[in-house]
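In our numbering, the protein residues as written are 225 to 466.
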């Protein structure tokens with residue numbers, strides 16, 4: 225997979241993607257992440273890539289010419305995605321869709337945003353990682369890259385990991401425990417120590433359902449409610465409480 229990132233802070237992208245899962249994936253040849261400095265295409269000694277908005281107002285806006293020149297010079301993998309608060313919400317479904325591509329590119333906004341002609345005539349899509357504003361799109365780009373890359377075949381040491389995480393079935397993940405079996409008076413649930421794989425699977429599913437209902441009920445609505453099996457599991461839990 226080839227990923228191109230257009231930014232005024234390439235060192236932010238290069239530094240993070242050289243570490244941990246992303247770094248190992250790059251070393252193994254599973255992904256290629258290349259950052260491109262938008263300032264390289266500025267046509268003045270000060271490497272100017274922004275200007276004040278027409279009509280007045282606070283802040284600065286990324287100019288069309290250096291951004292277009294940078295993208296057209298590189299001819300990056302498509303789609304080219306603008307990272308912006310006004311984009312569609314990034315989620316697990318979107319990450320999965322991008323992970324199935326051979327490559328894509330990200331354009332990091334900065335300041336008050338980008339000239340509208342960049343959005344309309346250069347970018348193929350627009351993504352937001354949440355309903356809040358950052359100083360620029362670099363952190364958002366890294367969020368997208370990591371969420372996407374870890375879904376690629378061979379990236380994670382255990383391929384089952386990505387199939388059991390939060391949001392895979394629009395459910396939150398179950399709790400995790402490790403040694404010691406008792407810490408400051410609190411014990412690990414006995415089911416997890418039983419060695420009974422079916423009971424462990426059942427316990428984890430129940431805990432996942434309960435966590436989602438308690439913390440993110442919107443996810444239950446999103447998936448169209450509970451399955452028959454899930455309803456029966458929760459009914460069994462209620463019976464044992466009585």
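In this text, a Cβ means the ideal position worked out from N, Cα and C, and glycines have one as well.
Only exposed fits residue 252, as fewer than 16 other CB atoms lie within 10 angstroms of its CB. Note on geometry: alpha-carbon atoms of residue 367 and residue 353 lie some 8 Å from one another. Spanning the alpha carbons of residue 347 and residue 303 requires a straight line of approximately 8 Å. For the set 284, 349, 355, 376, the Cα lying nearest the Cα of residue 256 is the one of 376. In the structure shown, residue 362 adopts helical secondary structure according to DSSP, grouped into three states.
Between the region 284-292 and the region 330-347 there are three or more inter-stretch CB-CB distances shorter than 8 Å, so the stretches are counted as touching. With respect to residue 298, residue 270 sits apart: the two C-beta atoms are not nearer than 9 Å. Taking every protein chain shown into account, the CB of residue 278 has fewer than 16 other CB atoms within 10 angstroms, so this residue is exposed. Secondary structure at residue 259: strand, using DSSP grouped into helix, strand and coil. Here residue 263 is near residue 232, since their CB atoms are less than 9 Å apart. Judged by DSSP in its simplified three-state form, residue 275 adopts strand. Of the candidates 316, 340, 394, the residue whose Cα lies closest to the Cα of residue 443 is 394. Taking the C-beta atoms as reference points, residue 371 is found no nearer than 9 Å to residue 330. Judged by pairs of C-beta atoms under 8 Å, the region 436-450 does not touch the region 400-420, as fewer than three such pairs exist. Here the C-alpha atom of residue 459 lies approximately 10 Å from the C-alpha atom of residue 430.
According to the DSSP assignment, residue 349 belongs to no alpha helix (DSSP H) but to the beta strand (DSSP E) extending over 349-352.
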